[in-house]
Every structure is written in C-alpha cells, then in structure tokens.
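These notes are about the structure you will find just below.
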Amino acid sequence: MPELPEVETTRRGIATVINGKIVRQFLIHEPRLRWPVPGQLPLWIQGQIVLGCERRGKYLLLHFEQGTQIIHLGMSGSLRRVALDEPRRKHDHAEWLFDDARFLLHDPRRFGAILWHAPSSGPLENHPLIRTLGIEPFDPLFTPLYLHRHLQGRRIAIKQALLGGKIVVGVGNIYASESLFLAGIHPEMPAGDLSLHRCEKLHAAILSTLQAALDSGGSTLRDYVNASGAPGAYFDIHANVYERAGRPCPRCGQAIKRIVQGQRATYYCSRCQRR
Ligand code: ZN
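Residue numbers in the sequence shown follow the numbering used here, run continuously in steps of one, and reach 517 at the last position.
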C-alpha cells in the first residue's frame, strides 16, 4: 500500500513537472474507484493551470483556480509519468495530459479516489476526508508533548492509536511496527500509559523511520515517477521487524514475533519492546 513517504515522493516528482502548467486534457477511462470519478472533471480542469501540488495525509491535492482535485492512491494505486505514446494498461483509470508530459493513475483494486472540491463547498480543511486527519508528522507542532497529550486517557493499544491516523498521519502499518521497535515500546501497551519520556522516544522514532523512507524514496524517485516498474512497486524499506516473524531481532537475536491487532499484522521483539 502506498504510505505517506510514497505519496510524498509522488508529489515531489509530479510537482516539478506540472506546477504552473496547463492541463490540456483530462481523460477518465474507468470511473469506478472508491467513489465514481466525477464526470464533469474534464470540464473543470481542462485548460486550467496547476497552481500547486500539495499533500495532506495520503491525499494529493492539485490546486486550480476553480477548486482542488483530491487524489488518493488507495491500496494499490500509483500515479506515474508515462511516455506520450505508451499504450494504456488495464486498470489505468485516469489520464492527465500536459504539453510535454502525461500521467496515468493506475489502481487495480479500485480503493483510490479522484474527487473535486470547489471553494463554494467551504474551506478545503473542512472537507469530510481531510478534516478528520491528524497532524502531519513533520509539522513543527507535532512534538513529544503533543503526542503525549493526545494519548492521555486512551486505553487502546499504542499500535492502534498510531495506525488510526487521528493523532498523527502517515504512521501506516509498516512504520508503526518499525517506530515502536526503535522506541522499545510493546505494541499492545495501552496508549495512555506512555510516559512523556517514552513519547519522546516514540516521536523521534516516527520521524526517523519516515525520514529514512523519504530518503530511500528520493533515490528511487526517477523510477517511481517515470513509468518503469511494475504496478505496486513501492519502496524497499529496510525493516528491523516488519514481515520478519521468526527471524532474529537485529538488536538482541531473539525471534521476532507476529501478532494481529485490529486485523493488521504487528511485528515486534518481546525482549526489546516493553510495556
Ligand atoms: Zn530484540
């Protein structure tokens, strides 16, 4: 699944190409995504200049004078630059054509979305998909104290609290397991029991885990943006525990454990990660 680092890398890749450029054509090839792609979207954005390309959580936001295109890559999607003459593939849902660039949204499992937000519907921050999002991990307001304050009183397991995305966005399944390992925190520990000191460790672990993924994304940016790999070819993350059940913990050598929390797999070391 594309996580925040993949989406941010996609954003950086496409922003350099499309900012300030005119959308010559927007084509909907298969409107069935998580929600149907609005049929009027071509009318709204064709001939319009891309004023900016931002990211909020895992949503890509393409800003135009008349509104914002909201794009989500779902479980298996990618938004890639392709050659002007490259044949379309099955599951290519939508296509953006610029004078010298072409992008395809590919999404075999159809959990992604392409939506439109007009200013007449109110501020973008109040959009139903955006307003429930937690703070951005690299926002200066996201601090150990912020984390500690928002975990207070929560009986939910810390792994679940992170994964929910309502406190901080971007800590998906891989990064939650990896961050908790780095911070030495047991994934089933009640979120509200974390001391400020452990929140400091967790905060640092979240930032370093995401930054490492962004750095690895930077090095693969070219491939990611320029249509080379197979669909769903996401970053190779150097994992300490994720999907390493039964293999030795890189810190202590004990076998990594796998448990299921909220139907998602969690990986951890029972010796290095304490409640
Ligand atoms: Zn260990």
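For each residue, glycine too, the CB sits at the ideal point set by N, CA and C.
Checklist line | Burial state of C295 (16 or more Cβ within 10 Å) | finding: With a 10 Å radius around the Cβ and a threshold of 16 neighbouring Cβ atoms, C295 comes out buried.
Checklist line | Complete runs of the beta strand (DSSP E) confined to the stretch 298 to 334 [at least 3 residues] | finding: Within the stretch 298 to 334, the runs of beta strand (DSSP E) at least 3 residues long that lie entirely inside it are, in chain order, 301 to 306, 309 to 314, 320 to 324.
Notebook entry, point to check: What residue from H439, G426, L438, V259 has the CA that sits closest to Y509's CA?
Noted result: Check the Cα spacing between Y509 and each of H439, G426, L438, V259: the tightest is with G426.
Next item on the list: Use the C-beta contact count for H359: other C-beta atoms within 10 angstroms, 16 or more gives buried, fewer gives exposed.
Entry: With 16 or more Cβ atoms within 10 Å of its Cβ, H359 is classed as buried.
Notebook entry, point to check: Tell me which same chain residues have a C-beta within less than 6 Å of the C-beta of R513, skipping the five on either side of it?
Noted result: The beta carbon of R513 is closer than 6 Å to those of C494, Q496 in its chain, skipping five residues each way along the sequence.
Checklist line | C-beta contact flag for L246 and T310 at 7 Å | finding: Taking the C-beta atoms as reference points, T310 is found no nearer than 7 Å to L246.
Item checked: Cβ-based neighbour list, N482, same chain, cut-off 7 Å, excluding 5 preceding and 5 following -> Cβ-Cβ distances below 7 Å link N482 to E420, F423, P492 in the same chain, with the five nearest sequence neighbours on each side left out; the list follows chain order.
Checklist line | Segment contact flag, the stretch 367 to 375 with the stretch 328 to 339, C-beta cutoff 8 Å, min 3 pairs | finding: Counting Cβ pairs under 8 Å, fewer than three are found: no touch.
Check: Can R513 be considered in contact with the ligand ZN, in the sense that its beta carbon sits closer than 6 Å to one or more heavy atoms?
Finding: At least one heavy atom of the ligand ZN lies less than 6 Å from the C-beta of R513.
Next item on the list: Classify D465 as buried or exposed, calling it buried when 16 or more other Cβ atoms lie within 10 Å of its own Cβ.
Entry: Legend: pLDDT at D465 = 43, less than 50; position of this residue unreliable, value from coordinates given subsequently. Exposed, by the Cβ-count rule.
Notebook entry, point to check: Could you give the residue range of the alpha helix (DSSP H) that holds T251?
Noted result: Here the alpha helix (DSSP H) through T251 covers 246 to 260.
Check: Which residues in the same chain as R254 place their Cβ atom closer than 6 Å to its Cβ, once the five residues preceding and following it in sequence are excluded?
Finding: Once the five neighbours on either side are set aside, R254 has no close Cβ partner at all.
Check: Are the stretch 310 to 322 and the stretch 348 to 355 in contact at 8 Å, needing three or more beta carbon pairs?
Finding: Segments in contact, yes.
Check: Near G407, which residues of its chain fall below 6 Å by C-beta distance, leaving aside the five closest residues on each side in sequence?
Finding: The residues are G376.
Note to self: Please report the straight-line C-alpha distance between W338 and V265, rounded to a whole angstrom.
What the structure shows: Their Cα atoms are separated by approximately 7 Å.
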